[in-house]
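Undergrad: Under my numbering, the first residue of the sequence shown is numbered 2, with each subsequent residue one higher.
Glycine residues also receive a C-beta, built at the ideal position from the N, C-alpha and C atoms.
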Amino acid sequence: MVATATPKKPEAEKKAAPLYSLESHPSPSVVKVGEDVAFGGRQVTIIAGPCAVESREQTVETARHVRDAGMKVLRGGAYKPRTSPYSFQGLGREGLAILEAAKRETGLKIITEAMDVDEIARVAETADIVQLGSRNMQNFSLLKRAGQLRKPVLLKRGASATLDEFLLAAEYILSEGNPDVILCERGIRTFDNHSRNTLDLNIIPVLKEKTHLPVIVDPSHGTGRRGSVIPMARAAVAAGADGLIVEVHYDPASALCDGKQSLRPSDLRDLVRQCRGVAEAIGRTL
Ligand code: PEP
Ligand code: MN
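#1: Taking only the alpha-carbon atoms, compute the straight-line gap between V238 and T199 and give it to the nearest angstrom.
#2: What did DSSP end up calling Q44 once you bin it into helix, strand or coil?
#3: For Y21, is the classification buried or exposed, using 16 other Cβ atoms within 10 angstroms of its Cβ as the cut-off for buried?
#4: For I283, is the classification buried or exposed, using 16 other Cβ atoms within 10 angstroms of its Cβ as the cut-off for buried?
#5: Is it true that the CB of D201 sits closer than 8 angstroms to the CB of E177?
#6: DSSP state of A122, grouped into three classes?
#7: Could you tell me which of N203, I111, S25 and I47 sits nearest to C276, measuring between CA atoms?
#8: Out of V118, A49 and R57, state which residue places its alpha-carbon closest to the alpha-carbon of A103.
#9: Short of 8 angstroms in beta carbon distance, which residues of its chain neighbour P215, apart from the five on each side in sequence? Order them along the chain.
#10: Classify A49: buried if its beta carbon has 16 or more other beta carbons within 10 angstroms, exposed otherwise.
#11: Please classify E248 as buried or exposed, where buried requires at least 16 other C-beta atoms within 10 Å of its C-beta.
#12: For the region 224 to 241 against the region 56 to 71, are there 3 or more C-beta pairs whose distance is under 8 angstroms?
#13: What's the call for Y87, buried or exposed, on a 16-neighbour Cβ count within 10 Å?
#14: Please output, in chain order, the residues near the ligand PEP using a CB cut-off of less than 5 angstroms to any non-hydrogen atom of the ligand.
#15: If you draw a straight line from the alpha carbon of S161 to that of S142, how long is it in whole angstroms?
#16: Identify whether A39 lies in helix, strand or coil by the three-state DSSP scheme.
#17: Here's the rule: buried if 16 or more other CB atoms are within 10 angstroms of the residue's CB, otherwise exposed. What is R43?
#18: Could you check what DSSP says for T63 in three-state terms: helix, strand or coil?
Written out as structure tokens, the structure reads:
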């Protein structure tokens, strides 16, 4: 009989504990964004803003509402990953310039999505947090490039990604040297279509047992329905989310993207008030 040598595993695969794990970092990570914003501490942090940057007026006006509701971080896509190539694709660099104007005007921090390797460095000049969207959760070149940034990264879960795939996508960013990763549950695909996605709040306690990384929830894409956003935001905070990211538009009916799930400014104020009550009930602040 011919003896066959057992193939050796590559070094990296032999490493005991992944960087995302509680074994390698036993206490919860706090991802700081400047001096006054943090994800993963006692505070529950809410990010709000339009799905897409549509114009200077729309973005700055919505940003004022977000600031007046007490929020510190504005969301808004300049690059939009759309299912149809004929849908509004975002304003690109012009959109980034508008976000910079909104930041000057309101003092809000900015989170915006980077969709490709060629543009991520430019996006990171404008963004205080770089968002990687669900469709790019396993774009490994983009993940590696995000790992080389010196900016926090919000990683959204792919619509069909398992928990392990989600954590290993985060590991790509961490393993390139960027420790500031925030995970975001944004709904998954299931058999039912009563809402756009099924918000998988089940994942929060499981993630909390497996990783030190902060976890936030997107009840806007997670449900696709304005009427579901506040109830699921409350539920997310109750389940232990470290924050929320929600879509707000000053006139949802005219939104170029995701108007049906966008809150009005008054809804945002209700969301904050109600989620604050839930946060306080579980010993957190908002
Ligand atoms: C978004 O937040 O703008 C977005 C496109 O979300 P997702 O990547 O979760 O679909
Ligand atoms: Mn959207």
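TA: Taking the structure as given:
#1: Using only the alpha carbons, I get a separation of about 17 angstroms.
#2: strand
#3: buried
#4: By the 10 Å Cβ count, I283 comes out exposed.
#5: no
#6: helix
#7: Taking only the C-alpha atoms, the option nearest C276 is I47.
#8: R57
#9: P29, S30, V31, V32, F40, G41, I183, L184, D243 and G244
#10: buried
#11: buried
#12: no
#13: exposed
#14: G78, G134, S135, K157, R187 and H222
#15: 19 angstroms
#16: strand
#17: It is exposed - the Cβ of R43 has fewer than 16 other Cβ atoms within 10 Å.
#18: helix
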